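Novice: With mature numbering (1 follows the signal peptide of the UniProt record, and there is no 0) as the guide, the letters of the sequence shown map in order to residues -37 to -1, 1 to 371.
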Amino acid sequence: MHHSRRPLPPVRRWRRTLPALLLAAAAGLAAAEPAHGDTDAAATRSVQMGWRLQLDSGGIGGALSRDGRRHAGHWLRRATWDIRWRPAPGWRAAWSWQAGSGGTSSVEAAWLQWQPSGGPVGVRLGRVAPDFGLDSTISSSWGHLPERSPLWDLAPDLDDTRRTVALRMDAAAPDWHASAGAYRRPDRQALVARIVWRHNGDALQPHAVPGWLPAGLHLGASWAWQRSDADTGRLRSRLGQRAASALDSGQRITLLPAWPRDAKPGDDQAAGLEASLSAGRWWLAMEGLYRRQDAAAASLSWTRQASGWTATAARTLHGSPRGWDANQGRYRGPSGAAVSTVELVLRADHLRATASDAGSPLAHANLLSLGLNWFIDAQWRLSAVVSQGQVSGTGALSGWAMRLQWTH
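The following block contains the structure:
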């Protein structure tokens, strides 16, 4: 197992993040999360600012704890300041700054977009998040559980925007969405593409579909290629438990060790499939991910493969079900955000990793999580989740988390 770097003590964390929170609070004028495809003509030549605050409590036990005992704590998960600007019709700019636990902060987004008024295609240049999978690779306000599926730990670089310059193109229609982007930083080059289709029903469906397909069906596929000189080949996961890295007593699980010291990373490819069905108060979804990494040194070569799936079932107990965002190709928050909404979520995750230099299979993990979301109104959200899991060669693990979120 790998013992991750310990975060700053809680007092020092707040000392470094409090000024950032005050700055963000002063700038919170309107709700705004940088997103593609917002074409409200009333906002032309306007500047909008907004911010988001997430406060977490959580606990871990078993394999995710350094001593195997149960531990719990509280921390700042995220404070985000967003700015959107429309300098002229067809042009948009966005900037997003984020602070987290440990006193860390970074610019998460900084891009300029050109999209002809009313047109289906937009092009963005700058620090842009890749588009891969139904569960956004960047943790957002609308995740079904406080943390995204551990499936994405198998390909952690997919959401890495640090020091990255990207060119991304998006095209959207009422029943489909596609994106493709090229991403570059000094030690990494990547290509990412995604396409999705959704059966909206007869009223909104511009193309004929077979009658046996249910309305609300969503199908999609993603692909990514990258090459990075800084890639060590190591894969670690917190198994959906943020406390594993937020607490000094926590640790991540190592699924694949680092490459041999003299290995030079080669091609790194990932492919994903996604499917979901929205039917009344029910929402069902399943995603699969496959990743292959290659490396070589002299006459030797190595291949590593990681795969997994995640399945989610959500039931809206009270209020409005989640709405579909055609411009993003995924689901967002409840369609009636001003009305209190309660949602019950069950998620199962499975991970598997093998390596030609370490035997097969090297590691596999299973996790089952039960969560509850309460969207109090358009600004406040309270989430809770409990999890149980098992990791080969390591043993059982458990975790729980609560998150209070405020957006303005």
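Virtual Cβ for every residue (Gly too), placed ideally from N, Cα, C.
Here the structure is a predicted model, which means the values were calculated and not measured.
Decide if residue 245 is buried, meaning its Cβ has at least 16 other Cβ atoms within 10 Å, or exposed.
Specialist: By the 10 Å Cβ count, residue 245 comes out exposed.
Novice: Grouping DSSP H, G and I as helix and E and B as strand, with all else coil, what is residue 231?
Specialist: Here residue 231 sits in strand by DSSP.
Novice: Quick one: using the 10 Å Cβ neighbour count with 16 as the cut-off for buried, is residue 84 buried or exposed?
Specialist: By the neighbour-count rule (16 or more Cβ atoms within 10 Å), residue 84 is not buried but exposed.
Novice: Out of 357, 51, 58, 236, which has the shortest C-alpha to C-alpha gap to residue 200?
Specialist: The option with the nearest alpha carbon to residue 200 is 357.
Novice: Count the C-beta pairs between the segment 36 to 49 and the segment 223 to 234 that are closer than 8 Å, then say yes if the count reaches three, no if not.
Specialist: As far as the Cβ criterion goes, the segment 36 to 49 does not touch the segment 223 to 234, which means the pair count is below three.
Novice: If you measure between the beta carbons of residue 206 and residue 21, is that distance less than 9 Å?
Specialist: Going by C-beta atoms, residue 206 is nearer than 9 Å to residue 21.
Novice: Comparing C-alpha positions only, which one of 71, 209, 31, 214 sits nearest to residue 129?
Specialist: Answer by Cα proximity: 71.
Novice: Give me the Cβ distance between residue 104 and residue 370, rounded to the nearest whole Å; I'm assuming they're in contact under 8 Å.
Specialist: Contact holds; Cβ gap of about 6 Å.
Novice: How big is the Cα-Cα spacing for residue 239 and residue 263?
Specialist: In a straight line, the C-alpha of residue 239 is about 42 Å away from that of residue 263.
Novice: Return the CA-CA distance between residue 118 and residue 305, expressed in angstroms with no decimal places.
Specialist: Rounded to whole angstroms, residue 118 to residue 305 spans 32 Å at the Cα level.
Novice: Under a three-way DSSP split, which group does residue 209 fall into?
Specialist: Helix, per DSSP.
Novice: Write down the C-beta distance between residue 315 and residue 346 rounded to the nearest angstrom, noting that I regard them as a contact closer than 8 Å.
Specialist: So it is not a contact: roughly 28 Å between Cβ atoms.
Novice: Should residue 265 go down as buried or exposed, given a rule of 16 or more other Cβ atoms within 10 Å for buried?
Specialist: Result: buried.
Novice: When you compare the CB positions of residue 267 and residue 255, do they come within less than 9 Å of one another, or not?
Specialist: It is a contact, given that the beta carbons lie within the stated cut-off.
Novice: Counting Cβ pairs closer than 8 Å, one from the segment 143 to 158 and one from the segment 173 to 192, do we hit at least three?
Specialist: With the cut-off at 8 Å, the segment 143 to 158 and the segment 173 to 192 touch.
Novice: Does DSSP classify residue 343 as helix, strand or coil?
Specialist: Residue 343 falls in the strand class under three-state DSSP.
Novice: Restricting to runs no shorter than 3 residues, where is the beta strand (DSSP E) found entirely within the segment 239 to 325?
Specialist: If we require 3 residues or more, the beta strand (DSSP E) runs fully inside the segment 239 to 325 come out as 245 to 260, 263 to 281, 285 to 288, 293 to 297, 304 to 318.
Novice: Which residues in the same chain as residue 139 place their Cβ atom closer than 6 Å to its Cβ, once the five residues preceding and following it in sequence are excluded?
Specialist: Answer for residue 139: 160, listed in chain order.
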